[in-house]
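Heads up, the thing below is written out as structure tokens.
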Amino acid sequence: MTDTTCPSCGTVATTGSKFCESCGSALGNDAPAAPVATEALDELSPISAPTRRRPTDPPVATGPRPCLVCQGTVGPDGYCETCGAKAPTERDHFRETPASWVAGVCDRGIVHHRNEDAMALLASDAPGERAVLVVLDGVSNSIDSDVASLAGAKAARESLRTPFPQGMGTPASRSGAITQVFGAAAAAANAAVVQVTDPASTNPASATFAVAVVERSLLAYANIGDSRVYWLPDGGPGVQLTVDDSAAQQQMESGVPREVAESSPQAHAITKWLGRDAPDVTPRTGQLELTTPGWVVACSDGLWNYASEPDALAAQVAAAGTSEPLDLALALVAFANAQGGRDNITAAVARVQPVDSGQNASAPDHQEDPDG
Numbered sequence: 001m002t003d004t005t006c007p008s009c010g011t012v013a014t015t016g017s018k019f020c021e022s023c024g025s026a027l028g029n030d031a032p033a034a035p036v037a038t039e040a041l042d043e044l045s046p047i048s049a050p051t052r053r054r055p056t057d058p059p060v061a062t063g064p065r066p067c068l069v070c071q072g073t074v075g076p077d078g079y080c081e082t083c084g085a086k087a088p089t090e091r092d093h094f095r096e097t098p099a100s101w102v103a104g105v106c107d108r109g110i111v112h113h114r115n116e117d118a119m120a121l122l123a124s125d126a127p128g129e130r131a132v133l134v135v136l137d138g139v140s141n142s143i144d145s146d147v148a149s150l151a152g153a154k155a156a157r158e159s160l161r162t163p164f165p166q167g168m169g170t171p172a173s174r175s176g177a178i179t180q181v182f183g184a185a186a187a188a189a190n191a192a193v194v195q196v197t198d199p200a201s202t203n204p205a206s207a208t209f210a211v212a213v214v215e216r217s218l219l220a221y222a223n224i225g226d227s228r229v230y231w232l233p234d235g236g237p238g239v240q241l242t243v244d245d246s247a248a249q250q251q252m253e254s255g256v257p258r259e260v261a262e263s264s265p266q267a268h269a270i271t272k273w274l275g276r277d278a279p280d281v282t283p284r285t286g287q288l289e290l291t292t293p294g295w296v297v298a299c300s301d302g303l304w305n306y307a308s309e310p311d312a313l314a315a316q317v318a319a320a321g322t323s324e325p326l327d328l329a330l331a332l333v334a335f336a337n338a339q340g341g342r343d344n345i346t347a348a349v350a351r352v353q354p355v356d357s358g359q360n361a362s363a364p365d366h367q368e369d370p371d372g
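No gaps in the numbering here: position 47 of the sequence shown is 47 in our numbering, and each next residue is one more.
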């Protein structure tokens with residue numbers, strides 16, 4: 001397979017890769033020109049200005065926020081009124097806790113100048129009954145990828161609000177029905193990404209896609225690109241459930257060890273994505289029957305870059321020493337930032353105690369949005 005070089009940063013990527021995830025630039029002879037920066041909203045806005053703002057976009061929430069350093073109140077100037085620390089914008093760092101057993105943190109990291117990751121969560125009040133974790137990682141250097149990733153995450157969440165169909169009552173028919181549901185969720189996310197993309201853009205927004213759905217003892221998952229879902233059971237070996245669409249994954253499938261493939265110059269070149277120029281938005285899907293307590297983790301590569309092996313990520317979960325989902329998500333983000341924070345970081349987690357799957361799951365009622 002012939003290698004190609006990223007025109008922006010010089011990273012080597014294999015043929016077939018459309019984007020360099022080291023810098024986000026498009027690859028190939030027909031790579032578009034570097035994007036023109038878009039005008040940002042005021043610094044407290046929860047999301048940067050899209051190229052085309054829709055008239056139906058909700059107003060920006062302007063209520064007081066807690067300081068991430070001391071939990072004081074962030075003033076209208078963006079600084080904590082107690083300790084004086086400058087607060088990140090609501091788009092650069094946001095948290096969701098739709099239920100006591102589900103939470104997520106989405107953070108800009110240290111190196112990047114904006115947060116192009118996004119997440120959208122929902123969960124039932126009853127632990128283990130039903131939860132949806134959606135993570136999208138906007139491709140860097142494509143216009144409005146921060147806008148598109150959040151729009152796509154919300155669209156996928158809404159598509160997955162209703163419990164899975166039972167099919168014809170057989171395991172095979174239910175599996176097929178779940179695959180169709182995930183296909184519809186990916187299509188909804190892709191449509192949302194395209195909707196906020198300027199039709200005239202030569203560098204349209206793109207994003208990865210990862211979803212985990214807990215429905216009693218069933219864990220179902222889907223992905224496009226290299227955002228991941230892990231299952232980390234208590235006291236047992238963890239497992240990476242999703243399979244990346246990336247050059248590194250192609251190398252591993254040809255026999256290259258994980259640590260070598262994932263540290264190679266082309267490791268983060270993705271081969272599938274969401275966006276206007278995506279040739280295929282059919283996700284990989286899978287299901288797992290849960291029998292023991294543990295953690296479901298959906299994350300972007302900003303986290304797994306530093307703990308790719310399931311055992312390595314499980315070690316960070318253990319090191320956090322908490323059974324509280326929000327505390328764990330915060331600890332995982334803090335870990336990634338302590339390693340350098342070279343990318344945006346998203347960690348969405350669900351604490352699962354398997355519930356008998358013989359009962360019907362109800363649609364979750366609760367959700368949180370960074371911009372209402």
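Positions of the beta carbon are idealized from the N, C-alpha and C atoms, including for glycine.
DSSP three-state call for Thr208: helix, strand or coil? coil
Buried or exposed: which applies to Gly294, given that a residue is buried once 16 or more other Cβ atoms fall within 10 Å of its Cβ? buried
Just the Cα atoms here: how many angstroms apart are Leu290 and Pro354? 6 angstroms
In whole angstroms, what separates the C-alpha of Leu121 from that of Gly104? 8 angstroms
At 4 residues or longer, and completely inside the stretch 56 to 119: list those alpha helix (DSSP H) runs for me, N to C. none
C-alpha gap between Arg53 and Val196, whole angstroms: Low confidence applies here, because Arg53 scores a pLDDT of 33, under 50, leaving its location unreliable; read the following figure in that light. Cα to Cα, the separation comes out at about 8 angstroms.
Where does Thr346 sit, in a helix, a strand or coil, going by DSSP? strand
Short of 6 angstroms in beta carbon distance, which residues of its chain neighbour Ala118, apart from the five on each side in sequence? Order them along the chain. Leu136, Ser149, Leu150, Ala153
Ranges of the beta strand (DSSP E) found wholly within the stretch 266 to 296, counting only runs of at least 3: 284 to 289
Please classify Ala111: is it buried, with 16 or more other beta-carbons within 10 angstroms of its beta-carbon, or exposed? The residue you asked about is not Ala; residue 111 is Val in the sequence shown. Burial call: exposed.
Do you know whose CA, among Glu262, Val74, Arg130, lies nearest Asp244's CA? Glu262
Nearest-angstrom Cα separation, counted from Asp144 out to Leu274: 13 angstroms
Tell me which residue opens and which closes the beta strand (DSSP E) that Arg216 is part of. Looking at the DSSP string, Arg216 is not in any beta strand (DSSP E), and its letter there is neither H nor E.
From Pro98 to Ala123, what distance separates their C-alpha atoms? 6 angstroms
Using the rule of at least 16 other Cβ atoms within 10 Å of the residue's Cβ for burial, across every protein chain shown, is Gln166 buried or exposed? exposed
Please go through the same chain and pick out, in chain order, the residues whose beta-carbon is closer than 8 angstroms to the beta-carbon of Ala37, but skip the five residues on each side of it. With a pLDDT of 31 at Ala37, under the threshold of 50, the modelled position of that residue is not reliable, and the figure given next carries that caveat. Hits under 8 angstroms: none found.
Would you call Gln266 buried or exposed, if buried means 16 or more other Cβ atoms sit within 10 Å of its Cβ? buried
Backbone CA spacing between Thr282 and Gln316 [nearest angstrom]: 32 angstroms
Three-state class that DSSP yields for Pro233 in the structure shown: strand
Could you tell me whether the Cβ atoms of Trp231 and Leu160 are closer together than 8 angstroms? no
Can you list, in chain order, the residues of its chain whose CB lies under 6 angstroms from that of Ala298, leaving out five sequence neighbours each side? Leu133, Val135, Ala210, Ala212, Val229, Ala348
For the beta strand (DSSP E) holding Val135, just list the boundary residues, first then last. 130 to 137
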